[in-house]
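Have a look at the structure below, then the notes.
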Amino acid sequence: MKRFHVHVHVTDLARNIDFYSKMFGAQPARVEVDYAKWMLDDPAVNFAISTRGHGHIGVDHLGIQVDNEADLQAMKSQAQAADLSLIDEGATTCCYAQSDKHWIVDPQGLPWEHFQTLGNIPVFREGEPAQAEGAAACCTPKVTGKPVGIPVKSSCC
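Residue numbering for the sequence shown follows numbering that gives the first Met the number 0, beginning at 0 and increasing consecutively.
See the structure below:
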């Protein structure tokens, strides 16, 4: 199964959890001090919000989450065959999860994440201490030292 992924930066996590829970008719599958995620089946979407936008609010990145390595490899091969600029992170940790992922960037600079979640971790990203609301984020790729996509100082999955 493939699941559409949307990540939005918000300023007030509790208020947005309340809003999106009412809109989706479901509570988040995961809630942390700076992050919440809904894993919806109808529509099939992994919808995440976080307070890690450093002043930027709104869509940070889009993506497609897959259930298996074969689907992820097929998406990677398709991007490579189409000569899309691909940023391959491979095995990584971010957004309270262990994942295998790669990124492509659309003509506007909006990052698209293709990933398979392999497991959960108790911190936003392994190797960095647990951080409070507004802390630096990790996930959106950087090209030539600058984040790709919507002009944010940092972003997350």
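In this text, a Cβ means the ideal position worked out from N, Cα and C, and glycines have one as well.
Source: prediction; values computed, not measured.
Helix, strand or coil at residue i [DSSP, three-state]
i: Asn-67; result: coil
i: Tyr-19; result: helix
i: Arg-14; result: helix
i: Ser-84; result: coil
i: Ala-134; result: With a pLDDT of only 36 at Ala-134, under 50, the local geometry of the prediction cannot be trusted, and the value read off the model is given with reservation. Coil, per DSSP.
i: Ala-157; result: For the chain, the structure presents residues 0 to 156; residue 157 sits outside this window and is missing.
CB of residue i within 8 Å of CB of residue j, strictly
i: Leu-85; j: Ile-63; result: no
i: His-8; j: His-60; result: no
i: Tyr-34; j: Cys-94; result: yes
i: Lys-1; j: Val-65; result: yes
Option nearest residue i by Cα separation, candidates the options
i: Ala-47; options: Asp-66, Thr-116, Val-5 and Ser-76; result: Val-5
i: Met-22; options: Glu-31, Val-30 and Leu-39; result: Leu-39
i: Glu-88; options: Leu-12, Asn-45, Met-74 and Lys-100; result: Lys-100
i: Trp-111; options: Thr-92, Ala-78 and Thr-91; result: Ala-78
Terminal residues of the beta strand (DSSP E) in which residue i lies
i: His-0; result: The sequence given here places Met at residue 0; His does not occur at that position. Counting along the chain, Met-0 falls outside any beta strand (DSSP E), and DSSP gives it neither H nor E.
Contacts around residue i, its chain only, beta-carbon distance under 7 Å, and the 5 residues preceding and following it disregarded
i: Ala-28; result: Lys-36, Trp-37 and Met-38
Contact set for residue i: own chain, Cβ-Cβ below 8 Å, skip 5 residues either direction
i: Val-96; result: The question names Val, yet the displayed sequence has Ala at residue 96. Thr-116, Leu-117, Gly-118, Asn-119, Ile-120 and Cys-156.
Same chain only: Cβ atoms within 6 Å of residue i, ignoring 5 sequence neighbours per side
i: Ala-90; result: Asp-99
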